[in-house]
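Everything on this sheet refers to the single structure shown next.
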Amino acid sequence: MTDDTPIFWSSPYQKEISAKIVEVNETELRFDQALFYPGGGGQPHDLGNMIYKEYTLPIIEVYAIEGEIWHKIDKKETIDFQVDEDV
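Residue numbers (the UniProt record's numbering): 1 to 87.
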């Protein structure tokens with residue numbers, strides 16, 4: 001597998017990673033690494049949580065657009081996500 005292989009393919013049982021935010025779109029985030037499966041082929045997308053600063057946020061949807069994997073979070077508070085910060 002190549003270096004850009006998503007973690008959900010190369011290590012499907014891995015449960016935690018550290019990743020950097022590379023793009024923000026309101027309640028949707030894209031990271032430099034992908035642990036969550038975006039769904040496809042009849043399989044649902046993964047669910048889980050991400051930790052950002054002092055917040056634990058549920059990831060409620062994961063999807064791919066043109067090879068980029070996006071994570072939609074259930075954000076109840078105003079949080080200012082910053083590109084290049086770790087989650």
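For each residue, glycine too, the CB sits at the ideal point set by N, CA and C.
Status (buried if at least 16 other CB within 10 Å, exposed otherwise) for residue i
| i | result |
| --- | --- |
| L57 | buried |
| L35 | buried |
| I69 | buried |
| I73 | buried |
Beta bridge counterpart(s) of residue i as assigned by DSSP
| i | result |
| --- | --- |
| W70 | R30 and Y63 |
| V24 | L29 |
| Q43 | G40 |
| I51 | T56 |
Option in the options with minimal Cα separation from residue i
| i | options | result |
| --- | --- | --- |
| residue 154 | P44, Q43 and G48 | Since the first residue shown for the chain is 1 and the last is 87, residue 154 is missing from the structure and cannot be characterised. |
| S11 | Y37, E28, R30 and N25 | Y37 |
| A19 | F8, T27 and D32 | D32 |
| G39 | Y63, T78, V22 and R30 | Y63 |
| E59 | I7, M50 and V83 | Here residue 59 is Ile; the residue named in the question, Glu, does not match the sequence. The shortest Cα separation from I59 among I7, M50 and V83 belongs to M50. |
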